[in-house]
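Those letters in the sequence shown? Residues 1 to 217, per this note's numbering, in order. Don't be surprised by glycine CBs; every beta carbon is placed ideally from N, CA and C. Model, not experiment: these values are computed from the prediction. Remarks on the structure that follows.
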Amino acid sequence: MSAPYIAPSILAADFAVLGEEICASAQADWIHVDIMDGHFVPNLSFGPGVTGVVDKLTDLELDVHLMIEEPERWVETYIDAGADTVIFHVEATDDHVALARRIRELGAKAGFSLKPATPIEPYLEHLEHYDEVLVMSVEPGFGGQSFMPDQLEKVRALREAIDARGLDTIIEIDGGINAKTIAEAAAAGADAFVAGSAVYGTGDPARAIDELRSLAS
Ligand code: DX5
Ligand code: ZN
């Protein structure tokens, strides 16, 4: 497997037919699972129970995005539920490196994410602790928002730091990714692309994934 990685976000899927939606996403690389606790972000999505169901419905890796307070308390639960990559928010923890180490010790890949207002610079020197960095290109909490092009500065800074140090940390971008925005994000240096409404809002997830992949290539 190599970039571009396409990660449909099931937040935008029809939960009445979640199994069918996930089956129709089989040519994706990962399934992106958005966990919202109603505190760290103003919205509530689903938890470890649904994550476990998704894991049973697919052979794809689960890219679990924790938009929750106190992620330290929950990482093990999500790894047990089937998370292959666990992404927490740096705004939600006091010791992000310790948490990344713990995720890796528990056998998962570690990722961090940051809200649009959070600068990337303080984190660039710690990239060796991370398999993935998730740049938010919308304010986390809701699907279907407009892409914030100014966040591509973070993607460029990450690309430069990762390449300069010879790391293989994956840069993923999340929020407002669609056929109009994905090429710009890829050109800035993103390797992986989360898309919710642009995949499940189209009525043809398989075709949407293929189209996004070719536009990002
Ligand atoms: C937002 C979530 C995103 C969201 C993306 O807080 O992290 O993953 O589902 O949805 P779209 O692609 O519709 O912007
Ligand atoms: Zn997400």
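Short Cβ contact (8 Å threshold) for residue i with residue j
{"i": "ILE171", "j": "ALA190", "result": "yes"}
{"i": "PHE112", "j": "VAL135", "result": "no"}
{"i": "ILE162", "j": "PHE193", "result": "no"}
{"i": "THR51", "j": "PRO71", "result": "no"}
{"i": "VAL90", "j": "ILE103", "result": "no"}
{"i": "LEU152", "j": "ALA183", "result": "no"}
Three-state class that DSSP yields for residue i in the structure shown
{"i": "ALA105", "result": "The amino acid occupying residue 105 in the given sequence is Glu; Ala does not appear at that position. Of the three classes helix, strand and coil, the one that applies to GLU105 here is helix, per DSSP."}
{"i": "THR51", "result": "helix"}
{"i": "HIS129", "result": "helix"}
{"i": "LEU9", "result": "Here the sequence assigns Ser to residue 9, which means Leu is not the residue at that position. In the structure shown, SER9 sits in a strand (DSSP, three-state: E or B)."}
{"i": "GLU69", "result": "coil"}
{"i": "ALA110", "result": "strand"}
{"i": "THR93", "result": "coil"}
{"i": "VAL75", "result": "helix"}
{"i": "ILE173", "result": "strand"}
{"i": "ASP210", "result": "helix"}
{"i": "ALA187", "result": "helix"}
{"i": "ALA179", "result": "coil"}
{"i": "ALA28", "result": "coil"}
{"i": "ILE15", "result": "The amino acid occupying residue 15 in the given sequence is Phe; Ile does not appear at that position. DSSP places PHE15 in helix when its eight states are reduced to three."}
{"i": "ALA216", "result": "helix"}
{"i": "ASP34", "result": "strand"}
{"i": "VAL86", "result": "strand"}
{"i": "ASP204", "result": "coil"}
{"i": "ALA117", "result": "coil"}
{"i": "LEU62", "result": "strand"}
{"i": "ALA3", "result": "coil"}
{"i": "VAL194", "result": "strand"}
Selected residue, minimal CA-CA separation from residue i, among the options
{"i": "LYS56", "options": "HIS65, GLU72, GLY82", "result": "GLY82"}
{"i": "HIS96", "options": "ALA110, ILE35, GLU61", "result": "ALA110"}
{"i": "TRP30", "options": "VAL17, HIS65, GLY49", "result": "HIS65"}
{"i": "LEU62", "options": "ILE68, ILE35, PHE40", "result": "ILE35"}
{"i": "SER25", "options": "THR202, PHE147, ALA216", "result": "THR202"}
{"i": "TYR5", "options": "GLY19, ILE22, LEU11, ALA28", "result": "ALA28"}
{"i": "ALA198", "options": "VAL17, ALA12, GLU160", "result": "ALA12"}
{"i": "GLU20", "options": "PHE46, VAL53, GLY49", "result": "VAL53"}
{"i": "GLU76", "options": "THR58, ASP204, LEU99", "result": "LEU99"}
{"i": "HIS126", "options": "GLY144, ASP150, THR169, ALA187", "result": "THR169"}
{"i": "ALA117", "options": "ASP150, GLY144, THR93", "result": "ASP150"}
{"i": "GLY141", "options": "VAL17, ILE68, ARG207", "result": "ILE68"}
{"i": "ALA188", "options": "TYR200, LEU124, LEU158", "result": "LEU158"}
{"i": "GLU139", "options": "ILE209, LEU44, LEU114, ASN178", "result": "LEU114"}
{"i": "LEU212", "options": "ALA179, ARG165, TYR130", "result": "ALA179"}
Lining residues of the ligand ZN - beta-carbon closer than 6 Å to any non-hydrogen atom, in sequence order
SER9, HIS32, ASP34, HIS65, ASP174, VAL194
Which complete alpha helix (DSSP H) runs does the stretch 119 to 169 hold, if anything under 4 residues is left out?
152 to 165
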